[in-house]
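Note sheet for the following structure.
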Amino acid sequence: MNSRRDNREYLRYSSVGIELVLFVLIFFGCGHWVDRKFGTLPVFSLIGGLIGIVAGFYVVFRTISSSDKRSGNSDMKTPK
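Quick note: the working numbering has the sequence shown finishing at residue 1083, numbered continuously throughout.
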């Protein structure tokens, strides 16, 4: 039974990298499309890429912190 839970954790962590790359590519692609439409290259491509990076790292942080809370292995100390 413990092996099954470990497998789910591994799958969750392996999908994090894919999600990060997808966020960056999707937001960059949307920004690039807007740039081509309005002739503002590379303004919205950079903005979209930055938003994708921030959103991707948010997903990474959320996944790791929720996994730590579930397993009770949180090393982060809460301020008093």
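Glycine included, each C-beta is placed from N, C-alpha and C at the ideal position.
Assumed close pair residue i, residue j - CB separation to whole angstroms, cut-off 8 angstroms
{"i": "Val1027", "j": "Gly1059", "result": "6 angstroms"}
{"i": "Thr1066", "j": "Arg1015", "result": "6 angstroms"}
{"i": "Glu1012", "j": "Ser1070", "result": "6 angstroms"}
Assigned secondary structure, residue i (DSSP; H/G/I helix, E/B strand, else coil)
{"i": "Gly1052", "result": "helix"}
{"i": "Leu1044", "result": "coil"}
{"i": "Gly1075", "result": "coil"}
Cβ-based burial, residue i [other Cβ within 10 Å; buried from 16]
{"i": "Ser1048", "result": "buried"}
{"i": "Phe1064", "result": "exposed"}
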